[in-house]
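Have a look at the structure below before the remarks.
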Amino acid sequence: MTEFRTTTQIVRAARAQLAPYAWDYIVGGSETETTLRRNRIAIESYSLCARVLRDVEHVDTSASILGTKLRIPYLLAPVGSLQEIFSGGSAAQVQGACEFGTLPVVSSVTQPALEEAAAAASGDKWFQLYVRGDIDWVAEVVGRARDAGYRALVITVDVAHYSIRERQLLHSWVPDGRKAPGGPEFQARLNWDTLDEIRAVAGMPVIVKGIQTAADAETALERGLDGIWVSNHGGRQLDHARATIDMLPEIVSAVDKRVPVIVDGGFMRGTDIVKALALGADVVAGGKMHAWALGAGGVPALKRMLELLRVEIEATMALLGVTAIGQLDETYLARDTHRAGSVTAFPLLDIEDETQPSFEE
Numbered sequence: 114m115t116e117f118r119t120t121t122q123i124v125r126a127a128r129a130q131l132a133p134y135a136w137d138y139i140v141g142g143s144e145t146e147t148t149l150r151r152n153r154i155a156i157e158s159y160s161l162c163a164r165v166l167r168d169v170e171h172v173d174t175s176a177s178i179l180g181t182k183l184r185i186p187y188l189l190a191p192v193g194s195l196q197e198i199f200s201g202g203s204a205a206q207v208q209g210a211c212e213f214g215t216l217p218v219v220s221s222v223t224q225p226a227l228e229e230a231a232a233a234a235s236g237d238k239w240f241q242l243y244v245r246g247d248i249d250w251v252a253e254v255v256g257r258a259r260d261a262g263y264r265a266l267v268i269t270v271d272v273a274h275y276s277i278r279e280r281q282l283l284h285s286w287v288p289d290g291r292k293a294p295g296g297p298e299f300q301a302r303l304n305w306d307t308l309d310e311i312r313a314v315a316g317m318p319v320i321v322k323g324i325q326t327a328a329d330a331e332t333a334l335e336r337g338l339d340g341i342w343v344s345n346h347g348g349r350q351l352d353h354a355r356a357t358i359d360m361l362p363e364i365v366s367a368v369d370k371r372v373p374v375i376v377d378g379g380f381m382r383g384t385d386i387v388k389a390l391a392l393g394a395d396v397v398a399g400g401k402m403h404a405w406a407l408g409a410g411g412v413p414a415l416k417r418m419l420e421l422l423r424v425e426i427e428a429t430m431a432l433l434g435v436t437a438i439g440q441l442d443e444t445y446l447a448r449d450t451h452r453a454g455s456v457t458a459f460p461l462l463d464i465e466d467e468t469q470p471s472f473e474e
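Counting in this note's numbering, the sequence shown runs from 114 upward without gaps.
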């Protein structure tokens with residue numbers, strides 16, 4: 114088996130193999146894609162401040178969240194309609210994540226069914242839910258997830274109204290996830306009282322995904338939520354929103370270690386992940402990377418992508434002078450200015466590579 118040597122090669126392979134509508138589905142955002150670009154601009158505006166002459170022979174990249182041990186502080190965020198990218202869909206996501214040693218979060222609007230995705234797991238997994246029905250509907254879906262062995266429930270709360278995604282409109286393409294049963298009125302009605310009802314029937318920890326202010330983080334804690342997921346939906350919902358890494362410090366301060374804090378939004382390299390950890394996130398999540406990897410070569414490419422991220426995280430930590438995630442803090446960061454775009458994490462994407470590998474089992 115010929116292995117990809119860089120994440121750039123994985124992204125390049127995905128671009129070459131995916132249909133244009135599928136590529137644009139992964140890379141795109143809403144309207145002007147300003148939020149999407151801001152996520153990258155803000156991440157890249159942080160400089161890393163290295164400490165030297167420290168013993169970094171042994172670097173531990175592991176982390177944990179809600180009792181699950183992770184090889185790296187990175188989990189696979191839910192991606193709707195993942196079967197449009199790779200035929201295995203969420204089952205491939207689960208298989209690759211578990212075999213590598215991290216946590217998959219399965220979307221409620223992807224295929225195959227949540228039970229089939231769970232059957233592909235060799236480790237812990239979480240289930241993400243878009244609320245598209247009343248509390249009886251929620252209880253039925255959550256009961257299925259609980260019976261299938263999911264360890265936690267993630268409720269996405271930043272979709273009260275569907276965004277305008279012009280890349281998809283230009284392709285005249287609607288993802289299967291937006292065709293799923295249930296009316297949008299239930300997402301529009303979702304409120305804190307609804308979350309109380311969901312917590313009462315969940316029977317597992319409940320994480321709220323889409324928190325963007327310290328005030329909402331405080332309310333989530335008052336309501337007894339078990340985790341805070343800082344997210345602007347990867348720039349795919351509200352256009353002209355703040356970058357998630359800019360929201361992160363105030364939310365971390367408000368949470369004050371009472372529950373885990375997860376963050377997503379443009380984190381694609383090991384350096385990106387380390388920056389978020391230094392600002393107080395417990396783990397980082399991403400969707401684009403595993404979508405690209407599955408598009409490039411299925412489960413083997415996904416596992417290779419995660420290994421390459423591990424290598425990047427380890428190298429970044431060692432060069433910063435730290436040997437464990439818990440040693441990272443804001444003293445390892447400085448703020449700079451930078452211009453960025455949706456794929457600036459891969460500046461070599463268009464360079465000719467005569468040794469571009471295929472990825473076949």
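Glycine included, every Cβ here is placed at the ideal spot set by N, Cα and C. Small disclaimer: the values here were computed from a predicted structure and weren't measured.
Handout entry: Boundaries (first-last residue) of the alpha helix (DSSP H) holding Phe240
Key = Segment Trp239 to Leu242 is the beta strand (DSSP E) holding Phe240; no alpha helix (DSSP H) there.
Practice task
With a threshold of 16 other CB atoms inside 10 Å of the CB of Gly256, please say whether the residue is buried or exposed.
Solution key: exposed
Exercise for the section: Spell out a yes or no on whether the stretch 296 to 312 and the stretch 156 to 168 are touching, meaning 3 or more CB-CB pairs, one atom from each, closer than 8 Å. Expected result: no
Practice task
With a threshold of 16 other CB atoms inside 10 Å of the CB of Tyr275, please say whether the residue is buried or exposed.
Solution key: exposed
Handout entry: Gly142, DSSP secondary structure in three states
Key = coil
Handout entry: Identity of the residue in Thr436, Gly400 and Ile123 nearest Glu170 by Cα
Key = Thr436
Exercise for the section: State buried or exposed for His353, treating a residue as buried only when at least 16 other CB atoms are found within 10 Å of its CB. Expected result: exposed
Practice task
Look up Glu473 in the DSSP assignment and say whether it is helix, strand or coil.
Solution key: Here the model assigns Glu473 a pLDDT of 48, short of 50, so the residue's position is not dependable and the matter cannot be decided.
Handout entry: Where Ser486 falls, given that 16 or more other Cβ within 10 Å makes a residue buried
Key = No information on residue 486 is available, as it lies outside the stretch 114 to 474 that the chain covers here.
Problem - Length of the line joining the Cα atoms of Glu212 and Arg417 - result: 11 Å
Practice task
Let me know if Thr450 comes out buried or exposed under the rule of 16 or more other beta-carbons within 10 Å of its beta-carbon.
Solution key: exposed
Exercise for the section: Report the rounded CA-to-CA distance for Glu473 versus Ile123, giving the unit in angstroms. Expected result: Residue placement at Glu473 is poorly supported in this model, since its pLDDT is 48, which falls under 50; the coordinates still yield a value, given next. Spanning the two alpha carbons is a distance of roughly 13 Å.
Problem - Straight-line Cα distance separating Asp168 from Pro64 - result: Because the chain in this structure spans residues 114 to 474, residue 64 falls outside the shown range and cannot be described.
Exercise for the section: Go ahead and label Leu131 buried or exposed: buried means 16 or more other beta carbons lie within 10 angstroms of its beta carbon, across all protein chains shown. Expected result: buried
Exercise for the section: Measure the Cβ-Cβ separation of Ile324 and Val267 and say whether it is below 9 Å. Expected result: no
Practice task
Output yes if chain D places a C-beta closer than 9 Å to the C-beta of Arg448; else output no.
Solution key: No chain D appears in this structure, which consists of one protein chain only.
Practice task
Could you pull the start and end residues of the beta strand (DSSP E) that Ala354 belongs to?
Solution key: Per DSSP, Ala354 belongs to no beta strand (DSSP E) and is neither H nor E.
Handout entry: Pick from Trp405, Gly411 and Ala356 that is closest to Arg150, judged by C-alpha positions
Key = Ala356
Exercise for the section: Let me know the secondary structure DSSP gives Ser175 once reduced to three states. Expected result: coil
Handout entry: Arg448: first and last residue of the uninterrupted alpha helix (DSSP H) it sits in
Key = First-last for Arg448: Leu446 to Arg448, but that is the beta strand (DSSP E), not the alpha helix (DSSP H).
Practice task
Mind listing, in chain order, the continuous beta strand (DSSP E) runs of no fewer than 3 residues lying wholly within the stretch 308 to 348?
Solution key: 319 to 324 and 340 to 343
Practice task
Return the chain-ordered list of same chain residues with a C-beta closer than 8 Å to the C-beta of Arg259, the five sequence neighbours on each side being excluded.
Solution key: Ala315, Gly316 and Met317
Practice task
Please go through the same chain and pick out, in chain order, the residues whose beta-carbon is closer than 7 Å to the beta-carbon of Tyr134, but skip the five residues on each side of it.
Solution key: His284 and Trp286
Exercise for the section: Tell me whether Val397 is buried or exposed, calling it buried when 16 or more other Cβ atoms sit within 10 Å of its Cβ. Expected result: buried
Practice task
Taking Val374 and Gly393 to be in contact with their CB atoms under 8 Å, please state how far apart those CB atoms are, rounded to whole angstroms.
Solution key: 7 Å
Problem - Thr269, enclosing beta strand (DSSP E) - first and last residue - result: Leu266 to Thr269
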